[in-house]
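Visitor: Just add 1 to the spot in the sequence shown (first one is 1) and you have my numbering.
A virtual CB, placed ideally from N, CA and C, is assigned to each residue, including glycine.
Please read these numbers as outputs of a predicted model, since none were measured by experiment.
Shown below is the structure under consideration.
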Amino acid sequence: MIDYTTNVYGYILTFFQHLKCLSVIDSAKNGYPSFSLCDLPSTMCYSSTLTKLRIEVNNFEDCFCLLDGRLKQLNTFIVQINDIENHSSMTHNIEDLPNLKCFSLTCFDVTDEYDYQILPLLRRLQYLEELTLYLWINDRHTFIDGNHLYNEILIKMAQLERLTFYISSYTYIDGLVRCLSNDDIKLTFTDIGYEKVACIIDYMYDDKALCHVFSLPFEFDCLERIGNNFPTIVFSNVTYLWVCDTIPFEYEFFIRVAQFFPHLRKFHVMNALSPSSNQK
């Protein structure tokens, strides 16, 4: 990855000295090698003209590197991260970024570093006007809801005009968590002025619950790990769906999938039990 970063990405920014927009995210898996800067000097991939960058990076440290001041004119940063792990030995030098107005962060891998790495970064991006998040968060004691987003992130972004998100959070089940309903979570968003939000809570494990919250309309092409109880919403953009549940998926469930996911291309089903034998 380092050789590819040096010989391809670095060369592009060096050769095209007036480059303003660079997009190198491949929609197909196993496409272009991920961008990796962690072990390279800060002079690598420097640009004083680049305003829009859309890229896939290897880990969260690479994201921090791209925000350390080497891209001072960056206005739009769309990043897809392969994994977000604990790198406690790394120091993060993030400069003030008044020019950064649009930030999109996508990670399809489950992370338990949300509170330790993602939140500190988002709190630094106080000049944002548009924010997009697609995150899988593990090992929290509370769900990510409207109250959390407002108190921990949105209150620090006075200029924010548009928030698009899909956030799934695993939490340990206790008496309070087990009493929460989809409407309870949706109410926390209504209270902060976000009414076009959907929620799915799945109590499919003995010790954990999973809560999906997302803005409407659903703008992402991937929806993962939902169970039998997804809402009656047409997911026009979704092409990849992963469903999993301990309750059998019956015939009617697949009829609903066909109805509400009209552009589905890939369908991953994981179910511990078979449908009822009396279903045709």
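Does Cys200 pass the burial test, meaning 16 or more other C-beta atoms within 10 Å, or should it be called exposed?
Guide: buried
Visitor: Pull up the distance between the alpha-carbon of Tyr10 and that of Asp185, whole angstroms please.
Guide: 46 Å
Visitor: Rounded to a whole number of angstroms, what is the C-alpha to C-alpha distance between Pro99 and Leu67?
Guide: Looking at the two C-alpha atoms, the distance is approximately 15 Å.
Visitor: Could you tell me the boundaries of the beta strand (DSSP E) in which Ala199 lies?
Guide: 198-203
Visitor: Look at the alpha carbon of Leu20 and the alpha carbon of Ile13, and state the distance between them as a whole number of angstroms.
Guide: 9 Å
Visitor: I need the boundaries of the beta strand (DSSP E) containing Gln260, first residue and last residue.
Guide: Taken as a continuous stretch (DSSP letters only), Gln260 belongs to no beta strand (DSSP E), being part of the alpha helix (DSSP H) at 252-261.
Visitor: Only counting runs of 3 or more residues, tell me where the beta strand (DSSP E) segments fall wholly within the segment 113-147, in order along the chain.
Guide: 131-141
Visitor: Using the Cα positions of Lys187 and Asp246, report the straight-line distance between them to the nearest angstrom.
Guide: 22 Å
Visitor: Go ahead and pull the three-state DSSP assignment for Leu164.
Guide: Strand.
Visitor: Anyone know if the C-beta pair for Asp113 and Asp69 falls short of 8 Å?
Guide: no
Visitor: Quick check on the DSSP output: the alpha helix (DSSP H) that includes Asp207 runs from which residue to which?
Guide: Run containing Asp207: none; DSSP gives neither H nor E here.
Visitor: Buried or exposed for Gly194, please, with buried defined as at least 16 other CB atoms from any protein chain shown within 10 angstroms of its CB.
Guide: Exposed, since its Cβ has fewer than 16 Cβ neighbours within 10 Å.
Visitor: Just the Cα atoms here: how many angstroms apart are Leu51 and Tyr128?
Guide: 18 Å
Visitor: Looking at the secondary structure, which residues open and close the beta strand (DSSP E) in which Asn83 lies?
Guide: First-last of the beta strand (DSSP E) with Asn83: 77-84.
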